[in-house]
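Taken in order, the sequence shown gives residues 16 to 262; the numbers are from the numbering used here.
Below you'll find the structure, written out as structure tokens, and then a few comments.
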Amino acid sequence: MDFSGAEETNASAFLNKSPLTREQAALWFHHIAAPESVAYNLAGAVVIPGDTDLEALQRAFRWLAERHPMLRTSFTDQHGEPVQRIHPSIEVAFQYEDASGWNSAQLDKAQAFETFRLFDMEQGTVWRVVVFQQAPISIRENDSNGRPQDHLILLTLHHLIGNLWSIAIILPEIAALYWEETTGVPASLKPLRTSYADHVNKELGRMTGPQAGIRSRGAVPKAGGRGNPPLPVGDGFHPIPHMWWNK
Numbered sequence: 016m017d018f019s020g021a022e023e024t025n026a027s028a029f030l031n032k033s034p035l036t037r038e039q040a041a042l043w044f045h046h047i048a049a050p051e052s053v054a055y056n057l058a059g060a061v062v063i064p065g066d067t068d069l070e071a072l073q074r075a076f077r078w079l080a081e082r083h084p085m086l087r088t089s090f091t092d093q094h095g096e097p098v099q100r101i102h103p104s105i106e107v108a109f110q111y112e113d114a115s116g117w118n119s120a121q122l123d124k125a126q127a128f129e130t131f132r133l134f135d136m137e138q139g140t141v142w143r144v145v146v147f148q149q150a151p152i153s154i155r156e157n158d159s160n161g162r163p164q165d166h167l168i169l170l171t172l173h174h175l176i177g178n179l180w181s182i183a184i185i186l187p188e189i190a191a192l193y194w195e196e197t198t199g200v201p202a203s204l205k206p207l208r209t210s211y212a213d214h215v216n217k218e219l220g221r222m223t224g225p226q227a228g229i230r231s232r233g234a235v236p237k238a239g240g241r242g243n244p245p246l247p248v249g250d251g252f253h254p255i256p257h258m259w260w261n262k
């Protein structure tokens, strides 16, 4: 498995820091104003069989972080301006919880706690994985000892690095990477041709290029709706569907 070229995408080759997009900057300023807020924590949960090789699964998440620079990104202020830093490698926040003796209410409480636990934006990763082992979930019958057989994976990330589209991308890729870890069959994931850093640079070009003034004037029409041209449909600074855009 080789993702050594994963970051070498157009303008973002070997990039280790970049400004934030307008959408990210808005989220960052919300974080600065309300550092205890968890309003932008996003989570998704998946049930997996009890015989899953959890060590192989953890390795698969490490490969995922190597593949996607946004999963190796932290955020900070530099000279009064927010920046995002892409690290060469990270330690994936992957932990286990023994849920074999829990009831469903205890599982719900634990999921809520992990979902709304604060991230360390500057020093830590802004995503994490928790595996609730033998969780009380009604997918399969309990084993001969009356214990649940399946596990529940909870993936939580901050909106600064992704959204629900991102989670939808992660899940099938993790399945493919896990399959490679356990069978040796290559995951055959498509190379990433662009990255979020490319999107950042494109947005900066639009904001500082020749058309920036036109967009700025067009954003606030004169009274009566005359005088300034409207913003072109489909143009402007719209967020892309997910943080790991690959078109």
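Where a beta carbon is used, it is the ideal one built from N, C-alpha and C, also for glycine.
- Residues Leu72, Ala75, Phe76, Leu79 of the same chain have their beta carbon placed closer than 8 angstroms to that of Ile189, with the five preceding and five following residues left out of the count.
- With 16 or more neighbouring CB atoms inside 10 Å of its own CB, Asn56 falls in the buried class.
- For Glu96, the enclosing beta strand (DSSP E) stretches over residues 96-101.
- Rounded to the nearest angstrom, the gap between the Cα atoms of Phe44 and Glu137 is 14 angstroms.
- Between the segment 97-113 and the segment 194-208 there are fewer than three C-beta pairs closer than 8 angstroms, too few to call the two in contact.
- If the five residues before and after Ile105 are omitted, its C-beta is found closer than 7 angstroms to the C-beta atoms of Ala80, Arg87, Thr140, all from its own chain and listed in chain order.
- Counted as a single uninterrupted DSSP element, the alpha helix (DSSP H) harbouring Thr198 occupies residues 179-198.
- Shown here, Lys205 sits in coil according to DSSP, grouped into three states, outside any helix or strand.
- Spanning the alpha carbons of Pro97 and Asn118 requires a straight line of approximately 43 angstroms.
- Under the three-state reduction of DSSP output, His166 falls in the strand class.
- Counting other Cβ atoms within 10 Å of its Cβ, Gln149 reaches 16 or more and is therefore classed as buried.
- Inclusion of Gln164 and Phe147 in the CB contact set at 9 angstroms is not warranted, their separation being larger than that value.
- Distance check between Ala183 and each of Val61, Phe128, Arg82, Leu133 places Val61 closest, using alpha-carbon atoms only.
- DSSP links Ile152 through a beta bridge to no other residue.
- Between Trp142 and His166, the CB-CB gap reaches or exceeds 9 angstroms.
- Here the alpha carbon of Arg100 sits roughly 14 angstroms from the alpha carbon of Ala40.
- For Glu38, the enclosing alpha helix (DSSP H) covers residues 37-48.
- Contact annotation, Leu170 with Gly59: C-beta distance approximately 5 angstroms; criterion of less than 8 angstroms satisfied.
- Closest option to Val145, judged by alpha-carbon separation, among Glu129, Gly177, Leu186, Ser115: Glu129.
- In the three-state reduction of the DSSP assignment, Ala114 falls in the coil class, being assigned neither a helical nor a strand state.
- Where Leu57 is concerned, the enclosing beta strand (DSSP E) starts and stops at 56-63.
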